[in-house]
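This report concerns only the one structure given below.
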Amino acid sequence: MFFDTNNPIVRKCADGMMLEGIGQEAEARQAFSDAWNMATTDTEKCIAAHYIARQQPTPAEKLIWDERALGYAQQVTDDNIKEGFPSLYLNIAKGYEDLNNLAAARENYRLAQSFIQYLPEDGYGKMIRGGISQGIERMG
2 MFFDTNNPIV RKCADGMMLE GIGQEAEARQ AFSDAWNMAT TDTEKCIAAH YIARQQPTPA
62 EKLIWDERAL GYAQQVTDDN IKEGFPSLYL NIAKGYEDLN NLAAARENYR LAQSFIQYLP
122 EDGYGKMIRG GISQGIERMG
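Taking the numbering used here, the leading residue of the sequence shown gets 2, the next gets one more, and so forth.
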C-alpha cells in the first residue's frame with residue numbers, strides 16, 4: 002500500500018476520515034486542508050487531494066480535485082503508487098458520469114480496469130473492483 006502510516010500527511014487524512022465517520026464534516030474538511038497545506042511531495046499531494054475531493058460540494062469541484070490527485074500520482078516514480086490508480090480513475094470516472102460526460106466516464110472506467118491487478122486481495126480491493134465493475138456495467 003502506498004499509504005505510509007508514519008507520514009504526517011497520511012495521519013492527518015486518517016484523522017479527517019475519522020472525523021467524517023462521526024459526522025464532524027467541518028473538522029474533517031479542516032484536517033484534509035491542513036494535510037494539503039503540509040504536503041511537500043507528489044505522493045503527499047496526491048493523498049491530500051484525494052481526500053479533499055471527498056469534501057467538495059459539487060461533482061464538478063470534486064472532479065477537479067480527483068484529477069489533481071491523479072496528476073500528482075502520475076509524477077510519482079515509486080511503483081507502489083500503482084495500487085492507488087484504480088481508485089483514482091474510478092473516482093474520476095464517477096465524476097464524469099455524474100456530470101453526464103459518458104464518453105469520458107467510459108474511458109476512465111476502462112483505465113481503472115487496466116490497473117486492477119495492482120489492487121490488494123482484501124476488502125478495499127474488493128470494494129474498488131466492485132465499483133469499477135458496476136461503473137462499466139452502467140456504461141453498457
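Heads up, the beta-carbon is just placed ideally off N, CA and C, and yes, glycines get one too.
Model, not experiment: these values are computed from the prediction.
Problem set entry | Cβ-based neighbour list, residue 113, same chain, cut-off 7 Å, excluding 5 preceding and 5 following | 87, 90, 91, 94 and 133
Problem set entry | Start-end ranges of the alpha helix (DSSP H) lying completely within the stretch 47–76, minimum 4 residues | 60–74
Problem set entry | For residue 6, the three-state DSSP class (helix, strand or coil) | coil
Exercise. If you draw a straight line from the alpha carbon of residue 96 to that of residue 40, how long is it in whole angstroms?
Worked result: 24 Å
Exercise. Of the residues 34, 117, 110 and 60, which one's Cα is nearest the Cα of residue 138?
Worked result: 110
Exercise. In chain order, what residues of the same chain lie with their CB nearer than 8 Å to the CB of residue 35, ignoring the 5 residues before and after it?
Worked result: 13
Problem set entry | residue 25 - DSSP class collapsed to helix/strand/coil | coil
Exercise. Among the residues of its own chain, which have a CB less than 6 Å from the CB of residue 71, if the five just before and after it don't count?
Worked result: 89
Exercise. Quick one: any contact between the stretch 74–83 and the stretch 52–65, if contact means 3 or more CB pairs under 8 Å?
Worked result: no
For this session: In the DSSP assignment, find the unbroken alpha helix (DSSP H) run with residue 98 in it and report its ends.
Result: 86–99
For this session: Determine the extent of the alpha helix (DSSP H) in which residue 112 is found, giving its start and end residues.
Result: 103–115
Exercise. What span of residues does the alpha helix (DSSP H) with residue 133 cover, start to end?
Worked result: 124–140
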